[in-house]
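Protein chains in written order, with this note's numbering: chain A, 26 to 274; chain B, 2 to 380. In this text, a Cβ means the ideal position worked out from N, Cα and C, and glycines have one as well. Right, one structure below, let's go through it.
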C-alpha cells in the first residue's frame with residue numbers, strides 16, 4: 026500500500042498467560058528510519074520483537090506493515106509479509122548444520138531466480154560487508170559469538186529486505202566491530218532506503234544511529250515515547266534520562 | 002553484450018574508447034528479482050591489452066545483485082592488474098564496495114570445498130576411530146577413579162540427583178520394556194513350539210521361554226531398549242550442557258563433572274537395568290504362558306511346574322550380571338558421547354546417534370564375552 030507507514034504498532038499488549046509483559050504499545054516507524062526499542066533487562070524488548078516478526082501473537086492489538094494487518098491477514102499474505110522482513114537474532118541463530126555461505130545463500134536460492142554463481146558472489150559480498158570475507162566455508166560452531174552475530178546480520182540482509190529488525194546488534198562485540206556494524210546499518214538505510222528497527226540497550230550504538238525511539242519501562246510495563254535519544258538526554262522523561270545516563274541523572 | 006528492450010530490465014553494453022580501456026555501461030534495473038547475467042562472460046572479455054576499466058551508469062534501481070556483479074569484476078581486475086575507475090558509480094555503491102573491502106579476506110589454509118574420495122574419507126574415519134580409543138579409556142579411568150573416591154568417602158553422591166535418574170531410567174521405562182518383552186516372549190514361544198511340536202515335546206516351550214528370557218534375551222532386549230531410550234537422552238542432555246558451557250562452569254569451579262553428572266547416571270542404570278531385566282523375563286514368560294495355554298493346549302499348572310523346574314538360581318544370576326553390565330555400557334556410552342559433544346545443535350544430534358551406536362556395539366561385545374565366560378565356568 027503506497028504512502029502507508031511501513032510499520033505501525035497499534036495498542037499492542039504482550040503477555041505470557043495471565044502475566045502481562047507490556048501493554049498499550051503504539052508507535053509508527055517511517056520509511057528509511059532507524060527506530061530503536063530500548064529498555065532495561067527483562068522489560069519485554071525481545072517479546073515485542075517476537076510479535077513484530079510473527080513468532081508470538083500479541084494478547085491484544087496488532088502490527089501493520091504498509092497498512093496491512095500482520096496478525097489478521099490470511100496465511101499466504103502473512104507469509105508474504107514475513108518475507109519482507111530481514112531478522113537478525115541476538116545470538117545470530119545460524120543453522121548449525123550449514124556453513125556460513127550456505128546459511129546466507131538459502132533465502133537467495135529459495136526466493137530468487139539468480140544463477141548459483143551470482144548467489145555465491147552475493148553471499149561473499151554480504152559476508153565481506155560484515156567483515157567475514159573468507160569465512161564462507163566455516164560452520165557457525167567454529168566461530169566466536171560476535172562473528173556468529175555478524176553472520177546473522179549477513180543472512181538477514183540476504184534478500185535486501187524493506188524492513189530489517191535487529192536484536193542487540195552491538196552487545197558482545199568489540200568497540201571497533203560495533204562501530205563498523207553501526208556504519209553498515211547507516212549505509213543500508215542511506216543506500217537501500219531500508220527501514221530498520223533495532224532492539225538495543227547499548228548507549229553508544231543508540232546515540233550514533235537512532236532517529237526515533239521508544240523506551241519500554243519495566244516498572245509500569247508500558248512504553249514511553251522517547252523521540253531522538255540525543256534530545257531525550259537533554260529534555261526527555263526522567264526515567265529515560267536515568268537510563269541513558271546510566272543512573273547519573 | 003546482452004540487452005533487454007524492456008525499460009524496467011537490466012541493460013549492459015561495453016565499448017573500447019581506446020585500445021587499453023574498456024568501458025561498461027550499466028542501465029535499467031539491476032535487482033535480485035531479475036534474471037541477471039553471470040559476470041564470467043564479461044570478465045573473460047577483459048584480456049589482451051586492456052589495462053583500465055571504467056563504468057557509466059544510468060540505473061533506475063539497484064541492490065545487492067548489482068554490488069555482487071561489480072564485486073566480481075573488481076576482483077577479476079585486481080587479479081589481472083587492471084586498473085578500475087569507480088568514480089562514475091553511484092555514491093552508495095562506492096561506499097558499500099569500500100565497506101566490503103575494508104576488512105581483508107581471511108585466507109585459512111586447509112579450508113575449501115574440495116571433495117575427497119571414498120578411500121580418503123574411509124582412511125580419515127579409521128584414524129579418527131583409533132584416535133578416539135585413548136579418550137574412551139581415559140574416560141573409563143576417570144569413572145573408575147570417581148567410583149574409588151565415592152567408596153572412600155572423598156566425594157558425596159547427591160542422592161536427590163541419583164533418585165531422579167533412577168525414576169527416569171527405571172519406572173518410566175516400564176511400559177516400553179513390557180511391550181517389547183511381551184512380543185519377544187510371544188515370538189520365542191511360537192518359534193519353539195514350531196520345532197518342538199515335531200517331536201511331541203511342546204511342554205519344553207516353558208523351558209525355552211523361561212531360560213531364554215531370564216538368562217539372555219531379557220537382558221539383551223532391555224539393554225537395547227535402554228540404549229535407545231536413555232543412552233541417547235544422556236548424550237543429548239550432557240551435549241546440550243556442553244553447548245551452554247555448563248560443563249565448563251563445573252570445571253572452572255573445580256567440581257568434577259564426572260562426579261557430579263556421570264556417576265549418578267551410571268549408578269542409576271547399573272541398579273535399574275538388572276531390575277528391568279528381571280521384569281522383562283517375567284513379562285516374556287507371561288507371554289509364553291498365554292500362547293502355550295491358548296494355542297498349544299498346554300495346561301496352566303503344567304506350564305508353571307515346567308517353568309519352575311527349568312529355572313535355577315544361576316539363570317537369574319547370569320541375567321542380573323548381564324543386565325548390570327549392559328546398563329553400565331549404556332551409561333558409559335551415553336555419558337562419553339555427551340561429554341565429547343561439540344558446541345552446536347548438529348553436534349548434539351551426532352552425540353545422541355553415536356551414543357546409541359556405541360551402546361549397542363558395547364552390549365554386543367560384552368554379551369559375547371560373558372556368554373563364553375559363563376560357558377567356560379559351567380554356569
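Using a CB distance cut-off of 8 Å, residue 143(A) counts as an interface residue toward chain B. Proximity of chain A to residue 72(B) at the Cβ level (cut-off 7 Å) is accounted for by 146, 150, in chain order. Distance from residue 187(A) to residue 83(A) at the Cβ level is roughly 22 Å; contact not present, criterion being Cβ atoms closer than 8 Å. Residues of chain B with a Cβ closer than 7 Å to the Cβ of residue 121(A) are, in chain order, 345, 346, 347. Contact annotation: residue 64(B) and residue 33(B) have beta-carbon atoms nearer than 8 Å.
Counting along the chain, the unbroken alpha helix (DSSP H) around residue 281(B) starts and ends at 264–295. Within chain B, 345, 347 have C-beta atoms less than 8 Å from the C-beta of residue 164(A), given in sequence order.
Between residue 266(B) and residue 336(B), the C-beta spacing is below 8 Å. Residue 33(A) counts as buried, since at least 16 other C-beta atoms from the protein chains shown sit within 10 angstroms of its C-beta. Taking 8 Å as the threshold, the shortest C-beta distance from residue 160(A) to chain B falls below it.
For residue 203(A), the nearest beta carbon of chain B is not closer than 8 Å to its own beta carbon.
Proximity of residue 36(B) to chain A, defined by a Cβ-Cβ separation below 8 Å, is satisfied. Among the residues of the segment 53–65 of chain B, those with a Cβ less than 8 Å away from any Cβ of chain A are 64, 65, in the order of the chain. About 12 Å separates the beta carbons of residue 27(B) and residue 54(B), which is beyond the 8 Å limit, so they are not a contact pair.
Cα atoms of residue 202(B) and residue 357(B): separation of roughly 40 Å, rounded to the nearest angstrom.
Beta-bridge annotation (DSSP): residue 88(A) is paired with 34(A). Residues of chain A whose Cβ lies closer than 8 Å to the Cβ of residue 50(B) do not exist, since the nearest Cβ in that chain is about 27 Å away. Among the residues of the segment 192–226 of chain A, those with a Cβ less than 9 Å away from any Cβ of chain B are 205, 208, 209, 212, 213, 215, 216, 217, in the order of the chain. Within 10 angstroms of the beta-carbon of residue 338(B) lie 16 or more other beta-carbons, which makes it buried. For residue 59(A), the enclosing beta strand (DSSP E) covers residues 59–64. For the segment 51–80 of chain A, the beta-carbon criterion of a distance under 9 Å to any beta-carbon of chain B is satisfied by none of its residues.
By the CB criterion at 8 Å, residue 144(A) and residue 133(A) fall inside the cutoff. For residue 135(B), the enclosing alpha helix (DSSP H) begins and ends at 119–152. By the C-beta density criterion, residue 146(A) is buried, having at least 16 other C-beta atoms within 10 angstroms. Close to residue 93(B), with beta-carbon spacing below 7 Å, are these residues of chain A in chain order: 215, 216. In the structure shown, residue 48(A) falls within a strand segment according to DSSP collapsed to helix, strand and coil.
Interface annotation, residue 156(A): in contact with chain B, CB-CB separation under 8 Å.
With contacts defined as CB atoms closer than 8 Å, residue 84(B) and residue 52(B) qualify as a contacting pair.
In the three-state reduction of the DSSP assignment, residue 195(A) falls in the coil class. Nearest CB-CB separation between residue 184(A) and chain B: below the 8 Å threshold.
Shown here, residue 240(A) sits in a strand according to DSSP, grouped into three states. Pairwise C-beta distances place the segment 39–59 of chain A in contact with the segment 70–82 of chain A, as three or more of them are shorter than 8 Å.
Counting only the Cα atoms, residue 206(B) lies some 53 Å from residue 245(B). With contacts defined by Cβ atoms closer than 8 Å, residue 286(B) and residue 214(B) form a contacting pair. Distance between residue 253(B) and residue 193(A), taken at the CA atoms: about 28 Å. Listed in chain order, the non-local C-beta contacts of residue 57(B) below 6 Å within the same chain comprise 26, 89, local neighbours out to five positions each way being set aside.
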